[in-house]
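Residue numbers (this note's numbering): 88 to 974.
The structure appears right after this line, and notes come after that.
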RNA sequence: GGAACAUUAGCUCAGUUGGUUUAGAGCAUUACUUUGACAGAGUAGGGGUCACUGGUUCGAGUCCAGUAUGUUCCA
């Protein structure tokens, strides 16, 4: 068969993916094999594939394909997340472009647009995963708002509410004034902002509460948000602060609105920050809220939900908060309250979704009391029931779980699971499965006939549905105890980003124990964050994220998979550069050329070559490669078990490039224009197949293509070929590995000597060896001669004059050339080596002459040092002889 | 402000319970060789006081303390 000059990935990718699908290789149903289950971290339904997905899904595919080839019933479940905030933002944006305001639409009309959008763009990302080669069971594709899934989410809400784990409460939350929604703490991004610190002077009040003139002193506070003074409920000072101690118990006057507020003492106030006096605004600051509760202060909510000033602010009503800030500063200046304004850099919370400044705000929200369900989830990870890779995330997890806070699960959005609570006109409410259920329960609870109820407008946090993912994709809630969930759950490995360890991983663990009574997965592999060469996180805003599909079209999916994985040490962030794709491409090119070579031999192969035709006299190279292959495969298996995928790939890379291509194929290569022995060829093809098999999970397309080109008729496709477990169960033959190491070092040393002495490749040399043990050279002397172009190999006991002398494996080699030798380079080499060993010897002897070392160190360590000393002395002796021999 | 993790060649990283030849790999770079599988390959070389300062020890990249820098998380 004619083999193209290079691998044509475009046609191969298309052809093989379709072939795998046609043969249903990725489909899984329960059987008597051991399952290997992975659920995809569901990407946003309207998302597109980026480098993070590429890394994450390549890793999952490697694990799944490998499991499939190792006899497991591999099941990788695809799906998407409705991503309420992100998707709703996109739909709102799309509507705005069409000139439609969300506020002008009814909930039903909006959701119609949203579903239309989802049908149009949803699942593009799943198509893109196919381009990457992902072996997902497409029949099992799930969506967090599928009817069954939706109902399960509602059921879980009802259940947790029934258990008393969900409550409704007015709490300080992060408010996004643009999206008009509450945000969880995790959705707030703190950024350093250059702002201003305003020092404002408040008038003090006399005993009757009348303002004293500012000239009498007043009290100075510092704030970065002057507009919030309208919500002030107190001024706090540290009770130990001599400057203010006497004022505790008196009152001050809020400027402009002349509200009388108490001056209170609280340890929370830092004496060395600002002016030492702190204004307390309970409605608009987390800490102030705490102090307010502690001291029973009034609450003035001065902001509307869109970030404009409210009626309670008294001034600037309806004006945006930032505009109000400008105006109030002017007003305060005119009234003489501004003492000074400092430049000030501080951390400000921004909404992850809309990037506007977040306002801490009091709001009535739904909450989950996390302490009720977190205990088994903490134990599972602490006690190794669930293993994190790398393990360092265990600490982080513990820290978070031990200090877990209640989870605000309501979002002021329409796209999502609508909160199943129904209210009557008086604000009484009931939690139920649906409206009918609600009416019944409401009647039963409040004794009202045929109540008029209205469902809560808000929907649930996206994570409140995705925490059910590992079992609800198998309908663990909607169809409890079905045979899929019984077979596939708990899943094996979760591959995800450390950023969502709390959002998602921890909550899945909690939900798993709460609803399935067991862990959701055995292992969690945390990938790094993909960054660019400057170390910046890849993001759309920065425009530093490469177009993945373009890259796949350009260089091939296998090269991209190789590129991202080779750059990806376990648990560390990876600085990704396009150059690593090229390393992948070069590697593919290298294997492809090995295939071409084997193909060439195939055309020239014959059975039962005559002794004359036969270049290779023994099976030694095959025996060695067999041993080497088993050694490396064992190593790779161990690395894979430790989730060191990148190292496993590197190990295979070296095996292919160095051991297979540079050594093995060269050793069995027939002489120029000589025929290839069929038996030898078949051995080589057999090894080649095993290499392809081991590489397949990493680079599925090129390996499948080559596997079929290697033999005219393959009994199976590589995708489902089963790895031979007994192959690596046989231990590698160490004797032959040692011989090979000796052969390699001899070849390298002699080639090096030839170059140094400027002996042309085509000029044959003669080798004379002073061997301590002749037997070690016998099996390899033929190959040695072939690889270094030596015409003879002879043992000797005498010095051979006019030669280059080398020391290989403790034996002396004399390399004799018919040409005149240029020994100058050789001499320099020997001198350098000599001085190295002399220095080395010195350091060893220093150690050995240290009595404390000899008496304290373990015997074997001392013995080792003695051996080093002896070896070094030996080496020095030979080097000196070599120099003498050079004349 | 608190916490976790990190800091080893130009870059990305290994380095197992302190001792296996005065620190290893890949990529990049340089020189030479070769062009009969190889948009290349082969061989060799350069490049590191293992962030810094102390300490423990016969012995520290490895353990301890502190400092600096960075990343992330939490206030």
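The beta-carbon is built from N, C-alpha and C at its ideal position, and this holds for glycine as well.
Please read these numbers as outputs of a predicted model, since none were measured by experiment.
Check	Outcome
With three or more beta-carbon pairs closer than 8 angstroms as the criterion, would you say the segment 246-256 touches the segment 436-452?	yes
Can you tell me the Cα-Cα spacing of residue 317 and residue 412, whole angstroms?	11 angstroms
If we call anything under 8 angstroms between Cβ atoms a contact, is residue 264 one with residue 425?	no
For residue 194, name the three-state secondary structure that DSSP assigns.	helix
Which of the three DSSP states is assigned to residue 617 in this structure?	strand
Are three or more beta carbon pairs between the segment 306-322 and the segment 337-346 nearer than 8 angstroms?	yes
Going by DSSP, which residues form a beta bridge with residue 510?	516, 541
The alpha helix (DSSP H) spanning residue 147 covers which residue range?	138-156
What distance in whole Å lies between the Cβ atoms of residue 928 and residue 963, which are believed to be in contact at a cut-off of 8 angstroms?	7 angstroms
Thinking C-alpha only, which one of 820, 755, 766, 638 is nearest residue 716?	820
Whole angstroms is fine: what's the gap from residue 547's alpha carbon to residue 505's?	6 angstroms
If you count every other CB in all the chains shown that lies within 10 Å of the CB of residue 312, and 16 or more means buried, which is it?	buried
Rounded to whole angstroms, what's the CA-CA distance from residue 102 to residue 127? Just pull it up for me.	25 angstroms
Measure the C-alpha to C-alpha separation of residue 973 and residue 906 and round it to an integer number of angstroms.	15 angstroms
For residue 638, which residues from the same chain have a beta carbon less than 6 angstroms from its beta carbon, with the 5 sequence-adjacent residues on both sides left out?	647
What's the gap between the Cα of residue 513 and the Cα of residue 541?	11 angstroms
Are the CB atoms of residue 674 and residue 712 nearer to each other than 8 angstroms?	no
Counting Cβ pairs, one atom from each stretch, are 3 or more of them under 8 angstroms apart for the segment 384-397 and the segment 366-373?	yes
Check residue 915 in the structure and name its three-state DSSP category.	helix
With a floor of 4 residues, list each alpha helix (DSSP H) that falls wholly inside the segment 234-291, ordered by position along the chain.	234-249
Is the segment 591-605 touching the segment 130-141 in the sense that three or more CB pairs, one from each, lie closer than 8 angstroms?	no
Counting along the chain, where does the beta strand (DSSP E) carrying residue 37 start and finish?	The chain is shown from 88 up to 974; residue 37 falls before or after that span and cannot be answered.
How far does the beta strand (DSSP E) with residue 708 in it reach, from first residue to last?	Here residue 708 belongs to no beta strand (DSSP E); instead the alpha helix (DSSP H) covers 707-728.
Could you pull out every unbroken alpha helix (DSSP H) segment of at least 4 residues lying fully inside the segment 349-419, listed in chain order?	373-382
Which residue marks the beginning of the beta strand (DSSP E) containing residue 436, and which one marks its end?	425-438
As a quick exercise: from 107, 826, 238, pick the residue whose alpha carbon is nearest that of residue 519.	238
Mapping the DSSP letters down to three states, classify residue 898 as helix, strand or coil.	strand
Is it buried or exposed for residue 199, if we count other Cβ within 10 angstroms and need 16 for buried?	exposed
Under 8 angstroms between the Cβ atoms of residue 895 and residue 843?	no
Counting along the chain, where does the alpha helix (DSSP H) carrying residue 677 start and finish?	666-690
Within 10 Å of its beta-carbon, does residue 120 have 16 or more other beta-carbons around it, so buried, or fewer, so exposed?	exposed
Tell me the residue span of the beta strand (DSSP E) that contains residue 852.	852-857
For residue 150, which of 783, 328, 225 has the nearest alpha-carbon?	783
So, at 8 angstroms on beta carbons, what are the nonlocal neighbours of residue 692 in its own chain, with the 5 sequence-adjacent residues on each side left out?	762, 763, 764, 765, 768
For a test of the three-state rule: what should DSSP assign to residue 486, helix, strand or coil?	helix
Can you give the Cα-Cα distance for residue 477 and residue 860, rounded to whole angstroms?	48 angstroms
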